[in-house]
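A quick write-up on the structure given underneath.
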Amino acid sequence: MFLNLLKNLIIQQRRVFRSQVKSLSSIQDAVNDIQDAGIVKRFSQDKGFGFITRNSNGDDIFVHFQSILGTGFKTLQEGQKVQFKNYYYFCFHFVSSFYLILLDVLVNDQISNTNDSQSEASETLTSDRHIGIVRKYVENRGFGFITRKSDGADLFVHSRSIRRAGLESLQEGMEVEFLAVQSNRGAEAKDLRIINRLDSIKTTNNQKKEFSDANINEQETGIVKQWNKERGFGFIRRKLDGTDLFVHLKSLKDGLQSLEIGQQIQFRIGKNEKGEEATDVYLTKNE
């Protein structure tokens, strides 16, 4: 029942989006019409939808990517502060009642950037070239994500950037070099160059595994990617190779009772029956 209702929400929101949002010529057009605000609770980049927690009453509201203002790849990130319009529609499925969906979702940073610098280019280089690992690439949809080695951040990559580099597709696990570009869709990887293809990566990974087995207690650094306070576990992204490690509440040290997404941490790697996990977890000194 829930899945059918969710599908109905997506279909209805697409219809409303097409009829009411197409008339908006720019982000600035919608700023003065904002009606509510909230924080992104979760958003699936692959599926294109998620939920926003409303500031006014704490309710979680469904949001579809087509309701996000801007051009290009539209996505949201957990913890982002957003503003939006409310739209109610009457549903006759199962039980006749009204349902709330969102329109004109706008990240707060977009509002300030639009007001402060109307003439700025839509894309700017954030820094020099970076190295990363292809985390995921959906060939039939023409986009994917690259994990930057320096900080574990995920950057969106579009098929256009791949074709310009003379590539037809990407494969998960490829090591690439790229330019980081900041656009209205967030951080994006462009001007890709392949460093290691999968054959050489497998050899490198085998060497890393041998190194890891021999140095299982060596201290590493990483970033908290996900943390579930209610269940007391989450995942850490290693700076060494961009892979994710499981971490449990019992592994937190130095009086830590919880973790927050984005925190810089130090840890050691332990092994359990399911594989490797982070142990002896501390916040780095600058935290």
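If you read the sequence shown in full-length UniProt numbering, its first letter stands for residue 1, the second for the next number, and so on.
C-beta: ideal position from N, C-alpha, C; glycine also.
Keep in mind the model is a prediction, meaning the values are calculated, not measured.
Among the options, the one whose alpha carbon lies nearest that of residue i
i: Gly222; options: Phe233, Val134, Asp59, Ile261; result: Ile261
i: Val281; options: Lys253, Asn57, Glu188; result: Lys253
i: Ile133; options: Ser169, Gln219, Asp154, Gly142; result: Asp154
i: Asn140; options: Leu170, Glu78, Gln83; result: Leu170
i: Ser67; options: Lys81, Leu106, Glu172; result: Leu106
i: Ser56; options: Ala37, Leu283, Glu218; result: Ala37
i: Phe235; options: Asp241, Val224, Gly242; result: Val224
i: Gln264; options: Lys271, Gly79, Arg135, Lys239; result: Lys239
i: Val40; options: Gly242, Gly58, Lys47, Leu76; result: Leu76
Distance between residue j and residue i (C-alpha atoms, nearest Å)
i: Gln226; j: Leu167; result: 32 Å
i: residue 289; j: Ile52; result: Residue 289 lies beyond the residue range present for the chain, which begins at 1 and ends at 287; the question has no answer from this structure.
i: Glu177; j: Ile194; result: 6 Å
i: Lys285; j: Phe43; result: 31 Å
i: Asn196; j: Ile61; result: 42 Å
i: Ser251; j: Ala278; result: 7 Å
i: Lys85; j: Phe49; result: 16 Å
i: Gln35; j: Arg54; result: 11 Å
i: Lys81; j: Gly186; result: 14 Å
i: Ile269; j: Glu276; result: 6 Å
i: Ser258; j: Lys229; result: 7 Å
i: Leu245; j: Phe65; result: 29 Å
i: Leu179; j: Ile162; result: 12 Å
i: Leu256; j: Asp191; result: 41 Å
6 Å Cβ shell around residue i - same chain, five flanking residues per side excluded
i: Val157; result: Gly144, Ile146, Ala189
i: His248; result: Phe233
i: Ser159; result: Gly142
Per-residue burial, residue i [other beta carbons within 10 Å of its own, 16 or more giving buried]
i: Val138; result: exposed
i: Gln83; result: buried
i: Phe94; result: For Phe94, the predicted model reports a pLDDT of 42, less than 50, meaning its position is unreliable; a value from the coordinates is still stated below. Phe94 comes out exposed.
i: Arg129; result: exposed
Residue-level contact to chain C via CB, residue i, 8 Å cutoff
i: Gly38; result: The chain labelled as chain C is not found in the depicted structure, where only one protein chain is given.
Distance CB(residue i)-CB(residue j) smaller than 8 Å
i: Gly152; j: Arg237; result: yes
i: Gln219; j: Gln266; result: yes
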